[in-house]
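K.L.:
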Amino acid sequence: MKKILILIVIIPLVGLSQENFTFIHNGIERDYIIYAPDNLKDGAPLVFVGHGYGGNAQEMMNSCEMNSLADNEGFMVCYPEGTIDNNGNHFWNIGYNFHQNVTIDDVGYLVDLANFLQENYSLSSTLTFATGMSNGGELCYLLACEASTTFRAVASVAGGIWYNYLDQNPCQPKMPIPVFIKHGTNDNVTYYEGDINDTYWGPYLSVDSVLSIHISNLMLDNVSIDTLENINNNQKVTIRYKYSSDENYKEVWLYKYLNGGHSWNSDDYSIEEEIWSFFMQMSEEETDPLIIKENYIDKELIQIIDVLGRDSKEIKGQPIFYIYDDGSINKRIIIE
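For the sequence shown, the working numbering assigns the number 152 to the initial residue and increments by one for each residue that follows.
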């Protein structure tokens, strides 16, 4: 089994609003920025925001309004930073053609960082989310596929899923995970229709194909469609598709941004507020969590795993997941 050494530089949260931190994962020094509002309480949610290819944590923070939303809603924001590739650009390792020999484990990095932040800053262990733009949005898709025991929901803006990734990692989340997608139909970087050409970035799926993967994973059979108000009265209009089932908190939302390009923002609404609303609606049963022991009847426990999907024993105070023979999964924290 591969052993992972994690070294952490810890700085107290007292008096913190925005600070830069270092986290060493798999022997690599990783940088990230934390923003914590003054009103942050124990059990607060945590939102990761990922930058695009060639960007960085500071630029992503400056280009979005997540900090002001955190002030209003009372959650912590983490802006992680990718490593630097041979072209001198910060990136997330999601399967680009020119990164095929790269072994950086960005999913493992964010999972370990999330667990560290939850524990050291008394954040909720069940209300961790991720969003990102372009390459950062692509990382969110990987988190949905591989880290559903850590992340409650994800939101991808202008991202894609690469065939190179799916060839090695079929997207089969261990737990149901809601997914939010915003994508412009005139995106000239990550095409809405996808790209099958094996050049530069490499081939990637269309938005509709990505949508189908997540709809299938959640077994959704209902859809509602509406058009968001066109405040600026221009040609950029957002059609919203909400895919759902009879089970609560299992949904996929698509914001199809007609005539929109490769952008985080929209002309007519706050993308940060739309994403946060989605995260909260997909988490309503956890907003005042009651952590208890439960007895399960008429189903057999077949496996216990930790947040990384490894076989685990019951450990007091740590989140663990019980997988049953009927396909159900329950997350529990043993308190006695």
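For glycine and all other residues, C-beta sits at the position ideal for the given N, C-alpha and C.
For clarity, every value in this text was computed on a predicted model and none was experimentally measured.
In whole angstroms, what separates the C-alpha of S375 from that of K393?
P.N.:
In a straight line, the C-alpha of S375 is about 5 Å away from that of K393.
K.L.:
Using the three-state DSSP reduction, which class does E289 fall into: helix, strand or coil?
P.N.:
Three-state result, E289: helix.
K.L.:
Measure the Cβ-Cβ separation of A298 and L197 and say whether it is below 8 Å.
P.N.:
No. Outside cutoff.
K.L.:
Mapping DSSP to helix, strand and coil, what is I471?
P.N.:
Reduced to three states, the DSSP call for I471 is strand.
K.L.:
Going by C-alpha distance, which of M284, D359, E380 and P329 is nearest N416?
P.N.:
Here the closest residue by C-alpha is M284.
K.L.:
What ranges does the beta strand (DSSP E) occupy inside the segment 327-374, keeping only unbroken runs of at least 3 residues that lie completely in it?
P.N.:
Qualifying beta strand (DSSP E) stretches, in chain order: 330-335.
K.L.:
Out of I179, S219 and H202, state which residue places its alpha-carbon closest to the alpha-carbon of D189.
P.N.:
Answer by Cα proximity: S219.
K.L.:
In angstroms with no decimal places, state the Cα-to-Cα distance between M326 and S396.
P.N.:
Going from the Cα of M326 to the Cα of S396 covers about 16 Å.
K.L.:
Label Y355 either buried or exposed according to how many other C-beta atoms from any shown protein chain fall within 10 Å of its C-beta, with 16 as the threshold for buried.
P.N.:
Buried.
K.L.:
Rounded to a whole number of angstroms, what is the C-alpha to C-alpha distance between S494 and N252?
P.N.:
The structure shown does not extend to residue 494, since the chain spans only 152 to 487, so no value can be given for it.
K.L.:
With distances taken between CB atoms, is the gap from Y230 to I184 smaller than 8 Å?
P.N.:
For Y230 and I184, yes; Cβs fall inside 8 Å.
K.L.:
Name the residue from T300, F280 and T282 whose alpha carbon lies nearest to the alpha carbon of I471.
P.N.:
Per the Cα distances, T300.
K.L.:
Mark L290 as exposed unless 16 or more other C-beta atoms lie within 10 angstroms of its C-beta, in which case mark it buried.
P.N.:
The residue is buried, with at least 16 neighbouring Cβ atoms inside 10 Å.
K.L.:
In the DSSP assignment, find the unbroken alpha helix (DSSP H) run with E224 in it and report its ends.
P.N.:
Note, E224: alpha helix (DSSP H), M217 to E224.
K.L.:
Could you work out which residue in F429, M212 and I474 is closest to Q454 when comparing CA atoms only?
P.N.:
Among F429, M212 and I474, the Cα nearest to that of Q454 is on I474.
K.L.:
Can you tell me which of the three DSSP states Y314 falls into?
P.N.:
If DSSP states are grouped into helix, strand and coil, Y314 belongs with the helices.
K.L.:
Taking the alpha helix (DSSP H) that Y260 falls in, what are its first and last residues?
P.N.:
Unbroken alpha helix (DSSP H) run through Y260: D257 to N271.
K.L.:
Taking C-alpha atoms, which residue in N271, Q209 and V388 lies nearest to G194?
P.N.:
Nearest option by C-alpha distance: N271.
K.L.:
Quick check: C322 and I382, are their CB atoms within less than 8 Å of each other?
P.N.:
Cβ distance not < 8 Å, so C322 and I382 don't count as in contact.
K.L.:
Alpha carbon to alpha carbon, how far is E425 from D377? Give it in angstroms, no decimals.
P.N.:
Rounded to the nearest angstrom, the two C-alpha atoms are 14 Å apart.
K.L.:
Excluding the 5 residues flanking N315 on each side, which residues of the same chain have their C-beta closer than 6 Å to its C-beta?
P.N.:
Closer than 6 Å at Cβ, skipping near neighbours: G246 and G353.
K.L.:
What does a CB cutoff of less than 7 Å around S360 pick up in its chain, not counting 5 residues either side in sequence?
P.N.:
Contacts found: G345.
K.L.:
Where does G206 fall in DSSP's three states?
P.N.:
Looking at G206 - three-state DSSP - the assignment turns out to be coil, as it is neither helix nor strand.
K.L.:
Out of C215, E180, K192 and M431, point me to the one whose CA is closest to F331's CA.
P.N.:
Checking every option, the nearest Cα to that of F331 belongs to M431.
K.L.:
Let me make sure I understand the geometry here. Which of A295, F302, P324 and L268 has the alpha-carbon closest to that of G311?
P.N.:
Out of A295, F302, P324 and L268, A295 has the C-alpha closest to the C-alpha of G311.
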